[in-house]
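Protein chains: 2
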Amino acid sequence: MPNAIVINVIEVTEGREDAALTAWEAFAEYFRRQPGYVSTKLHRAVGADARFRFINVAEWESADDFLSALKSPGLADVSPGAPEQVNFFTSIYEVIRS
Amino acid sequence: MPNAIVINVIEVTEGREDAALTAWEAFAEYFRRQPGYVSTKLHRAVGADARFRFINVAEWESADDFLSALKSPGLADVSPGAPEQVNFFTSIYEVIRS
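From first to last, the protein sequence lines stand for chains A and B. Position 38 of the first sequence, counting from 1, maps to 38 under the numbering used here, and the rest follow consecutively. Position 98 of the second sequence, counting from 1, maps to 98 under the numbering used here, and the rest follow consecutively.
See below:
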């Protein structure tokens, strides 16, 4: 049972969807090789008018595992970060109602 | 297998968490009685500095089921909408990578 859920809310200017997806792929390829990674699901909005084009929901064994992966120097080698006109809002969550 | 995922990204001004949660409970109570509803998970940010305090991920059998529930007159009876200083950004999503 994963103990930490990491959600990336991804804000994308129109026309920058491919750049956002390419950046996400690079991050995902890196994170899935890190200790404590469990799974990820990238959601894309069906309609064109969604406020947030992509939302990624990842499961980790613990918040510390995710934080260690974030701090690892390997991350900078994989991706230079979010491309222009793409914002990643990333936080650790827990499920409080279901 | 659900065919539509409805995500609410919930932006909350500090101190308005309880009001947001009460509004969410009223919506959830209504939606879970509607045809095509499958499940929901309300996520709360662990850290105080998260850009989005709550993120709800619900599964529906189809987008049409969710849209019908949205249009039903019963919704207005259940909740007057989002309280002040609470914004719900709601869209329909599909999983494109996992």
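Where is the CB? At the ideal position from N, CA and C, for every residue including glycine.
**Report entry** Helix, strand or coil at residue 31 (chain A) according to DSSP, with G and I counted as helix
**Finding:** Walking along the first sequence from the start, residue 31 (chain A) turns up at place 31. Here residue 31 (chain A) sits in helix by DSSP.
Report task. Ignoring anything shorter than 4 residues or poking outside the segment 62-88 of chain B, list the alpha helix (DSSP H) runs there in chain order. Result -> 63-71 and 74-78
Query raised in the report: Which value, in whole angstroms, describes the spacing of the CA atoms of residue 61 (chain A) and residue 90 (chain A)?
Result: Counted from its first residue, the first sequence places residue 61 (chain A) at position 61. Counted from its first residue, the first sequence places residue 90 (chain A) at position 90. Whole-angstrom Cα-Cα distance: 17 Å.
Query raised in the report: Just how far apart, CA to CA, sit residue 31 (chain B) and residue 37 (chain B)?
Result: Position 31 of the second sequence, counted from the start, is the residue given in the question as residue 31 (chain B). Position 37 of the second sequence, counted from the start, is the residue given in the question as residue 37 (chain B). About 7 Å.
Query - residue 86 (chain A) burial status per 10 Å Cβ neighbour count (16 or more: buried) - result: Looking up residue 86 (chain A) in the first sequence gives position 86. Buried, by the Cβ-count rule.
Report task. Starting from the C-beta of residue 108 (chain A), find all residues in its chain whose C-beta is less than 6 Å away, skip the five residues before and the five after it, and write them out in chain order. Result -> There is simply no residue 108 (chain A) to check, as chain A begins at 1 and stops at 98 in what is shown.
Query raised in the report: Would you call the CB atoms of residue 8 (chain A) and residue 56 (chain A) closer than 7 Å?
Result: For the purposes of this step, residue 8 (chain A) is taken as residue 8 along the first sequence, with counting starting at 1. For the purposes of this step, residue 56 (chain A) is taken as residue 56 along the first sequence, with counting starting at 1. Cβ atoms of residue 8 (chain A) and residue 56 (chain A): closer than 7 Å.
Requested in this report: Determine the direct distance from the alpha carbon of residue 98 (chain B) to that of residue 29 (chain A), and round the result to whole angstroms.
Outcome: If you number the first sequence from 1, residue 29 (chain A) lands on position 29. If you number the second sequence from 1, residue 98 (chain B) lands on position 98. Rounded to the nearest angstrom, the two C-alpha atoms are 11 Å apart.
**Report entry** Whole-angstrom distance between residue 40 (chain B) and residue 67 (chain B), CA atom to CA atom
**Finding:** By 1-based counting over the second sequence, the position of residue 67 (chain B) is 67. By 1-based counting over the second sequence, the position of residue 40 (chain B) is 40. Residue 67 (chain B) and residue 40 (chain B): Cα-Cα distance of roughly 16 Å.
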